[in-house]
Every structure is written in structure tokens, then in C-alpha cells.
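Enquirer: Got a structure for you, questions after.
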Amino acid sequence: MSELLALDGLTKRFGGLTAVNAVSFSLERGEVVGLLGPNGSGKTTVLNMISGFLPPTGGRIALNGEAISGLRPNRIARKGVARTFQLVRALPSLTVAENVVTALAFGRRTLWGKAAHEAAHAHLAAVGLAGRADQPAGALTYIDQKRMELARALAAEPELLLLDEWLAGLNPTELRIGIDLILSLKERGITVLLVEHVMDAIRALCGRAIVMNAGRKIADGPTAETLRDPEVVRAYLGDGHA
Amino acid sequence: MTARTLLGLLVAGLVLAALAALPLFAGPYAVTLMIGMTGYVVLATAWGLFSGPTRYVSLATVAFFGIGAYTVGVFSETLPYPLVLLVAALIGLAVALVVGLSTLRLAGVYFVIFTFGLAELIRQLVTWYEVNVTGTLGRYIFLPVTPEGIYWQLLALAAATFLFSWGIGRTRWGLALKVIGDDEVVASHCGIDITRLKLALFAVSAVIITLVGAIQAPRWTYIEPSIAFNPTISFLTLIMALLGGADRLWGPLLGAIPLFLLFEWLSANFPNHYPIILGLVFIAIVFLLPKGVLAAVESRLRKGGAR
Amino acid sequence: MLVTALLSGLVLGGTYALVAMGLTLQYGIARIMNLAYGETIIAAAFLAYVLFNGLGINPVLGLLIAVPLGFVFGYLVYGLMMRPLVRRAKSRETLEIDSILATFGLLFVIQGVMLVFFGSNYTSYSYLNIGVSVLGTTIAANRLLAFALAIVLGGGLYLLLTRTLWGTALRAVAVSPTSAPLVGIDVERAARTAFAIGGALAAAGGVVISMYQTFTATAGVVFTMKALIVVIMGGVGNILGALFSGLLLGLVETFVATYVDPGLTLAATYLIFLAILLWRPAGLFGRSAR
Numbered sequence: 001m002s003e004l005l006a007l008d009g010l011t012k013r014f015g016g017l018t019a020v021n022a023v024s025f026s027l028e029r030g031e032v033v034g035l036l037g038p039n040g041s042g043k044t045t046v047l048n049m050i051s052g053f054l055p056p057t058g059g060r061i062a063l064n065g066e067a068i069s070g071l072r073p074n075r076i077a078r079k080g081v082a083r084t085f086q087l088v089r090a091l092p093s094l095t096v097a098e099n100v101v102t103a104l105a106f107g108r109r110t111l112w113g114k115a116a117h118e119a120a121h122a123h124l125a126a127v128g129l130a131g132r133a134d135q136p137a138g139a140l141t142y143i144d145q146k147r148m149e150l151a152r153a154l155a156a157e158p159e160l161l162l163l164d165e166w167l168a169g170l171n172p173t174e175l176r177i178g179i180d181l182i183l184s185l186k187e188r189g190i191t192v193l194l195v196e197h198v199m200d201a202i203r204a205l206c207g208r209a210i211v212m213n214a215g216r217k218i219a220d221g222p223t224a225e226t227l228r229d230p231e232v233v234r235a236y237l238g239d240g241h242a
Numbered sequence: 243m244t245a246r247t248l249l250g251l252l253v254a255g256l257v258l259a260a261l262a263a264l265p266l267f268a269g270p271y272a273v274t275l276m277i278g279m280t281g282y283v284v285l286a287t288a289w290g291l292f293s294g295p296t297r298y299v300s301l302a303t304v305a306f307f308g309i310g311a312y313t314v315g316v317f318s319e320t321l322p323y324p325l326v327l328l329v330a331a332l333i334g335l336a337v338a339l340v341v342g343l344s345t346l347r348l349a350g351v352y353f354v355i356f357t358f359g360l361a362e363l364i365r366q367l368v369t370w371y372e373v374n375v376t377g378t379l380g381r382y383i384f385l386p387v388t389p390e391g392i393y394w395q396l397l398a399l400a401a402a403t404f405l406f407s408w409g410i411g412r413t414r415w416g417l418a419l420k421v422i423g424d425d426e427v428v429a430s431h432c433g434i435d436i437t438r439l440k441l442a443l444f445a446v447s448a449v450i451i452t453l454v455g456a457i458q459a460p461r462w463t464y465i466e467p468s469i470a471f472n473p474t475i476s477f478l479t480l481i482m483a484l485l486g487g488a489d490r491l492w493g494p495l496l497g498a499i500p501l502f503l504l505f506e507w508l509s510a511n512f513p514n515h516y517p518i519i520l521g522l523v524f525i526a527i528v529f530l531l532p533k534g535v536l537a538a539v540e541s542r543l544r545k546g547g548a549r
Numbered sequence: 550m551l552v553t554a555l556l557s558g559l560v561l562g563g564t565y566a567l568v569a570m571g572l573t574l575q576y577g578i579a580r581i582m583n584l585a586y587g588e589t590i591i592a593a594a595f596l597a598y599v600l601f602n603g604l605g606i607n608p609v610l611g612l613l614i615a616v617p618l619g620f621v622f623g624y625l626v627y628g629l630m631m632r633p634l635v636r637r638a639k640s641r642e643t644l645e646i647d648s649i650l651a652t653f654g655l656l657f658v659i660q661g662v663m664l665v666f667f668g669s670n671y672t673s674y675s676y677l678n679i680g681v682s683v684l685g686t687t688i689a690a691n692r693l694l695a696f697a698l699a700i701v702l703g704g705g706l707y708l709l710l711t712r713t714l715w716g717t718a719l720r721a722v723a724v725s726p727t728s729a730p731l732v733g734i735d736v737e738r739a740a741r742t743a744f745a746i747g748g749a750l751a752a753a754g755g756v757v758i759s760m761y762q763t764f765t766a767t768a769g770v771v772f773t774m775k776a777l778i779v780v781i782m783g784g785v786g787n788i789l790g791a792l793f794s795g796l797l798l799g800l801v802e803t804f805v806a807t808y809v810d811p812g813l814t815l816a817a818t819y820l821i822f823l824a825i826l827l828w829r830p831a832g833l834f835g836r837s838a839r
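Residue numbers (our numbering), protein chains in the order written: chain A, 1 to 242; chain B, 243 to 549; chain C, 550 to 839.
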């Protein structure tokens, strides 16, 4: 395996608040890694810096050994990073297919016209939205919007996929489908970094987990082991439980 | 190309031919009226071309219009006419790039503020230059261009503008503009270079507006900065585009024609109270039809259809 | 010549600071981008002119009439025009666009009314136009008075906003309009008050300007523009920032007019604006527009 993503001393300050404090870790190609931590621990901020949504205050992010920190999102997207958002962001005035075509048309292969439409239909079928292509995206249910957002991210043919609480808000049946979907990505060799609170999903999906608390990385290792780490337990449940 | 688009182009071509033939039948007053109306149709459509999808309110229409008009005033005697138009377009492009590069990567309000004072700035700079360097204020334009000639040029520019607007909607850049209108964050994460796209669109829009000014300039014969940079032009363009709906291809056209006729009538009958009425009409549009007539009609139809 | 330029610059800058404070309140607290702000200034200048030439009331007393009128005008504009827009706005961006458009219309209405009454000629009156010797140079007494008035009014407002509970509540709305209601602040009332104070400051600025400058019915745009640039330079909603940036802009303009060319002052202003946009869009003194 080779290294795909490397974070080195990544830091983000908002005024006086340090949201992410000197975080370093790396992802091997093909890994599915969970990024965990209590609310406000800085997980989403880390994703936002990797995808270029926020510029880092300090530190370095490298993709395939090439520095991407501080680049704008469109540049980073073209280098092979795709993401979903914590609060799903559909493009409501476009159709479901157009949502996916957007990623194809401006992704790394720049597909357009008939080829793009066929590819979009294939991506939609893969997430279980076959036959919904011509509906307005704003009319989809919440879970279907999440599926569409995943299809849009996958249409970019990413090397690295960032999922920000993509499984949140699903019922048990949907959760099962969602987990299977992500597992299928793993089989396709896509590297996934997911911020998630659903512990069952993390155990089922992630070979490795990274835990953050108050902006710092406090643990990094095989999932089961990491979740037993006393410092991790303390971060989640408070001092009395360690 | 499907049969439907072919038919659409055919109809558009016929309408264009009919409009072009108008001066052969109508009198000189009709031609004057048509020049003004076509000018505003192009201005409003070009304004909507940029401001519709990006929702950036540009208050600089007359800055570019004036640049076009004044460039003709300066070069009409030294350069051949087509070259004068080219020079005007290039100056408009350069100014648009300066404005765009300094403001379009920031929040929209910076752009508004910058464009708000731009016409005044350019007017003062031109005045300063004329007074200090050339020693005169005001220039005469004697060009062998007939009113019909001006009208046909504007009509051609209008056709080109519509063709561009329509054509871009069929490319992936048209999709990108729709995406930007919906959610800029998603747009950039899908690989769209938002700033560059906005800049390109602003530049195209500005060049078209500059050309309107340049083409209409010979009608004045005498030109000075306060004529070329009259802020009412920015204002009218804005109202027209908003009334019709800036985010649709035909919206600005639909707003420009009735408002142009209304303003012609108002300025002839109430020359002193004209700006007051103008302001009130504008405020009424902002309050009653914030998305334009087309959007209002569409939502009415949709409601009617659902019933 | 240097001392003269410095003094004139401070006088002009004091006026800019006063005017910009009002605009930064309107934009920072009420979230309204008021493009008709300069027209309010010019209207007050005409009022002072009418009071002085027609009724013999000197401009300092004129302030006592113009400032309350400006307050009432701002209060009414907010209540009648802005409040419906605030209520229907889905986000800060839509309110910004709506308010820009509505006040752009208002600009033409006010300007049109002034053109009907006063025409488009340059207007001025002569009040306290006597030389006073300061630091070895002579400066008109009306300019000194204008500067003093700007400092007193601006300083008074600053103290009011920073030292009273009422002022703190207003500033709280500027910082966080969503959490201010949690501590019992009526955001809409605060916005309306801030907008009205902005109107009062514009009126005060107009009267002060009329004491030492000529003005025309169409000059409002330039004042709005300069006030906006000062507001951005100082950081939106930042009162002290507006004060310093206003003085700075006045000095720069006067020096450009004295040593370069009086026709290039607006160009200099724009150059500063460009520099700010390129290097410090959040303003010289922090706090971004968003």
C-alpha cells in the first residue's frame, strides 16, 4: 500500500479559538478510516480544510505527495478529492441527473452530452436512484438527497472520498443499505475518510479510527483498540468513566 | 440539432429579418424609437447575462456604456470605424477585468460598492484628462453613419447577445452557471472555477454594454463626460432587467420594451418629475415583483395547473 | 503649505468620519446597505442652506432642526421600506440585495425632489467665513467649527455606544443578530434605532459639510461612495475604525488635491479602496463584512 493523504501539523484558528490544533495523520490508498470525536472537536473543520472549503491557518496537507493545502476547492476536486456535506447540499433547482452531470462535466474526465447522461444514470443506479433522474432534486426525500449527493461525489471518480456524517439520520434499514454502499466503495479501491457518530457503522466499516478531542488528535489505531483507549472513553463520557 | 431548435432558430431569423426591414417602411421617428429600444434591450439582456445567474448587482452599466461612447468621440477622426469599435471593446474589457479581478473573489457587496462609484470615477478621470491634457471638454462626432446604420448594428448586436446567451445554456458552462446560482460551495467542490467563470461572464457582459455605447455615440454629434456617463442609464437598465426577470433569457427583453415606452412618454410629459417617478416605479418593482414578471407568471401558472 | 494641508485634511476627514459612522451603524447593525445615504446628506445640506439664507438661522442651530429630522426620516424609511424587506428576506444575502435595490430607487426619488426644488447648480452660503490663525497658517473659522462639531458629535456617539447599556445592546446586535434575542434584546427595534441614528448622523454631516463646501443635488453618490469606502476600511460596524479611516481618507484627499491635482481626489479614494480590497478586505481594523 502507498500513502494517499498526509496531514502534517494541520491547524485552524477562528479568531481566538483554535478549532484544529496541530493534527497529523496519513491515509494509505484503499483504506476506510473513521474520524471520530465529540461534537465541536474539530472533525468537520479537518474535512473542510482537506476539501479546500477552509484555508488552514498552519500545517500542510499533501495528496499523493503533492501539497494541496490552501488550494481552492475546485483545484482540489480536480486532483481527486470528493465529499458530501454534513447538512446535505442538493442543487434544488436542477434535476437529479443534472446534479450528477455537474460532477462529471467539471471532474477529471470532463464528460458532457450523451456520455455524461449515461454515466450519470449508471451512478444513480448504483446508489439506488435508478428511474429518478429527471425529478427535481429539491423534491427528493432526505435520504434520497443523501444518496444523490453520494452519487454526485462518486461521479467525480475520486481517489479520496470525504463523508461528513453521511449515515446520520437514517433508520436501521436505511443504515444497513448505507453501510453496504460504503463497503462497495471499499471494494472498488476508493479511499474513504468518514466523520461519523454511528458506532455500529464505524465498527462495520473502518479498519482504523482516528479520534479527536478539543481540536487535537488523541488516538489513532485499529478501531476496536482505539475505542477502548481510556483517553477516548474519557473524551466521550467524562472523567468518571475512565 | 433537433427539429425543434432548428424551427426556433428559423423563427428567430424571420423575426430578425422583419425587424431589420422596419426602416424601409417606417418613418424617421420610428427608427429613433427603435434605436433607443433595441439599445436598452441589449443593455438589459447583457446585464442579466451576468447578474442573473451570479446574483451580483452591477451598478456600473453606464461606466461601460460611457467608455464605449467616449472612445468613439476620441478616435472617430483618427481611426477607421470598425477599429474604433474594437478599441472601445478592448478598453471596456480591460476595465471589466480590473473590476472583476479585484472584487469577484470577495463577497458580492464589495462588487456592488465598487460598481456603484465606478461611473463617477471614470467620468471624473476623463474630465480631468480632457481639461489638463487636451485642454477641451467635449468632442464632436462626425461619422458617416445613418440612423438606419446604427439601428442595424444594434440589431446585430442584440442577435449576437441572444445567440451567446442561448448558446452558453447548451454547454457545460451553462450548467455551471445554474449550479453557481443554486449553491456556490457545491459548485466549487464539483470542480467549477467560480471566480474565473464569473470574471469571464462579467467581461463578456461589459464588452457588449461598451459596444452599445460605442454604436449609439454617433447619434449625439456632440459628446462630453456628463452626457456619456449619465447614471440614469444604469438605473433604467437595472429596472428593465429586474422587471422582466434577470435569470431568464427573454426576461430583460420583456422588461425593456414596456418600460422603455413608458419612460419615453414620461420624459416627454413630465421632464422635471421624471427621476422621482422612475425611483418610485423601481421601488414598486422591488417590492411587488422581486423575481420579475416571468417568474411571477410561471408560479401563477404552476398554481393554476395544480388546482 | 504642509500645515494648511494637514489642517484641511483633518477638517474634511472629521466630516467623513462623522458621516461614515452613521453608515457603519446602518450596515453593521441594521444590515441595510443604504445607497441613498449620500442623498440624505445633501438634503440636510440644502436644509441648512434654506434655514440660513431664508430664515437667518445659523447652521449650528440648524443642527438642532436637521438632526431630529434626519432621525425621524431614518426611522420612517426603516419602518415603511426596510422592515417589509427584512421580514421577507430568507437570508442575509437576499436582504442585502433587496436593500441595495430599494435604496437605489430611493436615491433617485430624493435626488429628483431636490432637483425640482433647487435645480442642478452648485450651492453654498457664507457663514463664519473669516480667517483664523492656527499654527502659523490661516484657516476659515467655519472649517474649524465643522471639525469641532464632527469631533463632538462623533465622540459623543462613541461614548453613548460604548458606555451605556443601550449602546451595548446595539453593538451586541452588530456582533450576533441571532443570539442577541437570547439575552432579551429586541433585534428589530435595535435595527430601527440604528438606522434612525444613521439618518441623524447623515443629517448632521450634511449640515456640517454645507458650512464650508459647495454642493449640488447630484453629489450624493460621491458621499455615499466615500462613506462606504471608509466603512470597509474601518471594518463594518466598527465605530472607532470608521473614525480613524475617515480622518485618513480626508488627509489623503487633501494631500492629493494639494500636491497632485484636485481633479484626482476621487481617483485617489478609489486607489485606496482597490488596495484595501486586494490586501485587507476585512478592513484595516479587523472584522469582515460577513
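The beta-carbon is built from N, C-alpha and C at its ideal position, and this holds for glycine as well.
This structure is a prediction, so every number in the text was calculated from the model and none was measured.
(1) Is Lys-146 of chain A buried or exposed, if buried means 16 or more other CB atoms sit within 10 Å of its CB?
(2) Using the beta-carbon of each residue, which ones in chain B are nearer than 8 angstroms to Val-771 of chain C?
(3) Taking 6 angstroms as the limit between beta carbons, can you name the residues of its chain near Val-655 of chain C, skipping five residues before and five after?
(4) Decide if Lys-639 of chain C is buried, meaning its Cβ has at least 16 other Cβ atoms within 10 Å, or exposed.
(5) Looking at Val-20 of chain A and Ile-303 of chain A, is the spacing between their C-beta atoms short of 8 angstroms?
(6) Thinking C-alpha only, which one of A:Phe-14, A:Glu-31, A:Thr-57 is nearest Asp-8 of chain A?
(7) Answer yes or no: does any C-beta atom of chain A fall closer than 8 angstroms to that of Lys-420 of chain B?
(8) Cutting at 7 angstroms between CB atoms, please list the residues of its own chain near Pro-158 of chain A, excluding the five before and the five after it.
(9) When you check each C-beta in the stretch 99 to 110 of chain A against every C-beta of chain B, which residues fall closer than 7 angstroms?
(10) Can you tell me whether DSSP reads Ser-51 of chain A as helix, strand or coil?
(11) When the distance is taken between beta carbons, is Ala-219 of chain A closer than 8 angstroms to Val-232 of chain A?
(12) Show which residues of chain D have a CB atom less than 9 angstroms away from the CB atom of Pro-633 of chain C.
(13) Do you know how far the Cα of Pro-386 of chain B is from the Cα of Val-454 of chain B?
(14) Roughly how many whole angstroms lie between the Cα atoms of Leu-910 of chain C and Leu-379 of chain B?
(15) Check whether the stretch 591 to 608 of chain C touches the stretch 671 to 685 of chain C, counting contact only when three or more Cβ pairs, one atom from each stretch, lie closer than 8 angstroms.
(16) Leaving aside the five residues before and after Phe-686 of chain C along the sequence, list all residues of the same chain whose C-beta is less than 8 angstroms from its C-beta, in chain order.
(17) Would you mind stating whether Ile-143 of chain A and Leu-170 of chain A have Cβ atoms separated by less than 8 angstroms?
(18) Can you give me the start and stop residues for the alpha helix (DSSP H) that Val-387 of chain B sits inside?
(19) Taking only runs that begin and end inside the stretch 177 to 214 of chain A, name each unbroken beta strand (DSSP E) of 3 or more residues, in chain order.
(20) Rounded to a whole number of angstroms, what is the C-alpha to C-alpha distance between Trp-492 of chain B and Ser-407 of chain B?
(21) Would you tell me roughly how many angstroms separate the C-alpha atoms of Gly-769 of chain C and Ala-336 of chain B, rounded to the nearest one?
(22) Would you say Pro-633 of chain C touches the ligand NAD, meaning its beta carbon is less than 7 angstroms from a heavy atom?
(23) With distances taken Cα to Cα, identify the nearest neighbour of Tyr-312 of chain B among B:Ala-400, B:Glu-466, B:Asp-435, B:Leu-363.
(24) Between the stretch 420 to 436 of chain B and the stretch 302 to 311 of chain B, can you find at least three pairs of beta-carbon atoms closer than 8 angstroms?
(25) Please name the residue or residues paired with Phe-696 of chain C in a DSSP beta bridge.
(26) Between Ser-184 of chain A and chain B, is any beta-carbon pair separated by less than 8 angstroms?
(27) In terms of residue numbering, what span does the beta strand (DSSP E) encompassing Asp-8 of chain A cover?
(28) Closest Cβ-Cβ distance between Ile-646 of chain C and chain B: below 8 angstroms?
(29) Roughly how many angstroms lie between the CA atoms of Ile-519 of chain B and Val-658 of chain C, to the nearest whole one?
(30) I'd like to check one pair, Ala-156 of chain A with Ala-133 of chain A: are the Cβ atoms closer than 8 angstroms?
(31) Give a yes or no on whether 8 angstroms exceeds the smallest Cβ distance from Met-774 of chain C to chain B.
(32) Anything in the stretch 81 to 95 of chain A with a Cβ closer than 9 angstroms to a Cβ of chain B? List those residues in chain order, please.
(33) List the DSSP bridge partners of Ile-61 of chain A.
(34) Would Arg-414 of chain B pass as an interface residue toward chain A - the criterion being a Cβ-Cβ separation below 8 angstroms?
(35) Reducing DSSP to helix, strand and coil, say where Thr-110 of chain A ends up.
(36) What residue range does the beta strand (DSSP E) around Pro-38 of chain A cover?
Expert: From the atom records:
(1) In the first sequence, the residue the question calls residue 146 of chain A occupies position 146. That one is buried.
(2) Indexing the third sequence from 1 puts residue 771 of chain C at position 222. Simply Gly-359, Glu-362.
(3) Taking the first residue of the third sequence as 1, we reach residue 655 of chain C at position 106. Looking at the sequence shown, residue 655 of chain C is not Val but Leu. Taken in chain order, the residues that qualify are Ala-585.
(4) In the third sequence, counting from the first residue as 1, residue 639 of chain C sits at position 90. Label assigned to Lys-639 of chain C: exposed.
(5) For residue 303 of chain A there is no data in the structure shown, the boundaries of chain A being 1 and 242.
(6) Numbered from 1 along the first sequence, position 8 holds the residue referred to as residue 8 of chain A. Asp-8 of chain A has its Cα closest to that of A:Thr-57, out of A:Phe-14, A:Glu-31, A:Thr-57.
(7) Locating residue 420 of chain B in the second sequence gives position 178, counting from the first residue. Judged by the 8 angstroms Cβ criterion, Lys-420 of chain B is in contact with chain A.
(8) As a first step, residue 158 of chain A must be located in the first sequence, where it is residue number 158. Gly-80, Val-81, Ala-82, Ile-190.
(9) Val-101, Thr-102, Ala-103, Ala-105, Phe-106, Gly-107
(10) Counting from one through the first sequence, the residue named residue 51 of chain A turns up at place 51. Helix at Ser-51 of chain A.
(11) Working through the first sequence from its first residue, we reach residue 232 of chain A at position 232. Working through the first sequence from its first residue, we reach residue 219 of chain A at position 219. In this structure, Ala-219 of chain A lies closer than 8 angstroms to Val-232 of chain A by Cβ.
(12) Included in the structure are the protein chains A, B and C, with no chain D among them.
(13) Translated into positions along the second sequence, residue 454 of chain B becomes position 212. Translated into positions along the second sequence, residue 386 of chain B becomes position 144. If I take the Cα positions, the gap works out to 18 angstroms.
(14) Because chain C spans 550 through 839 in this model, residue 910 of chain C falls outside it and cannot be assessed.
(15) yes
(16) Position 137 of the third sequence, counted from the first residue, corresponds to residue 686 of chain C. The sequence as given places Thr at residue 686 of chain C; Phe does not occur at that position. Counting only Cβ-Cβ distances below 8 angstroms, and skipping sequence neighbours, we find Val-552, Thr-553, Leu-556.
(17) Taking the first residue of the first sequence as 1, we reach residue 143 of chain A at position 143. Taking the first residue of the first sequence as 1, we reach residue 170 of chain A at position 170. Against a cut-off of 8 angstroms, the Cβ pair of Leu-170 of chain A and Ile-143 of chain A comes out as a contact.
(18) Translated into positions along the second sequence, residue 387 of chain B becomes position 145. Element bounds for Val-387 of chain B: n/a, residue is neither H nor E.
(19) 191 to 195, 208 to 213
(20) Counted from its first residue, the second sequence places residue 492 of chain B at position 250. Counted from its first residue, the second sequence places residue 407 of chain B at position 165. For Trp-492 of chain B and Ser-407 of chain B, the distance between alpha carbons rounds to 10 angstroms.
(21) To locate residue 769 of chain C, count along the third sequence from 1; it is residue 220. To locate residue 336 of chain B, count along the second sequence from 1; it is residue 94. When rounded, the distance between both Cα atoms is 28 angstroms.
(22) Inclusion of the ligand NAD in the displayed structure is not the case, the ligand content being empty and no account of it being possible.
(23) As a working note, residue 312 of chain B is residue 70 in the second sequence. It is B:Glu-466.
(24) no
(25) Counting from 1 along the third sequence, the entry for residue 696 of chain C is found at position 147. In DSSP, Phe-696 of chain C forms no bridge with anything.
(26) By 1-based counting over the first sequence, the position of residue 184 of chain A is 184. Answer no: the Cβ-Cβ gap between Ser-184 of chain A and chain B never drops below 8 angstroms.
(27) Along the first sequence, one-based indexing puts residue 8 of chain A at 8. Here the beta strand (DSSP E) through Asp-8 of chain A covers 3 to 14.
(28) Your numbering for residue 646 of chain C matches position 97 in the third sequence. Output row for Ile-646 of chain C: interface = yes.
(29) Along the second sequence, read from residue 1 onward, the residue named residue 519 of chain B stands at position 277. Along the third sequence, read from residue 1 onward, the residue named residue 658 of chain C stands at position 109. So the alpha carbons of these two residues sit roughly 7 angstroms apart.
(30) Translated into the one-based positions of the first sequence, residue 133 of chain A becomes position 133. Translated into the one-based positions of the first sequence, residue 156 of chain A becomes position 156. Not closer than 8 angstroms, so no.
(31) In the third sequence, residue 774 of chain C corresponds to position 225, counting from 1. It does; some Cβ of chain B falls within 8 angstroms.
(32) Val-81, Ala-82, Arg-83, Phe-85, Arg-89, Ala-90, Leu-91, Pro-92, Ser-93, Leu-94
(33) On the first sequence, residue 61 of chain A is found 61 positions in, with the first residue counted as 1. Answer by DSSP bridge pairing, in chain order: A:Leu-7.
(34) Sequence index remark: in the second sequence, residue 414 of chain B carries index 172 (1-based). Yes, its Cβ sits closer than 8 angstroms to a Cβ of chain A.
(35) Your numbering for residue 110 of chain A matches position 110 in the first sequence. It is coil, neither helix nor strand.
(36) Sequence index remark: in the first sequence, residue 38 of chain A carries index 38 (1-based). Looking at the DSSP string, Pro-38 of chain A is not in any beta strand (DSSP E), and its letter there is neither H nor E.
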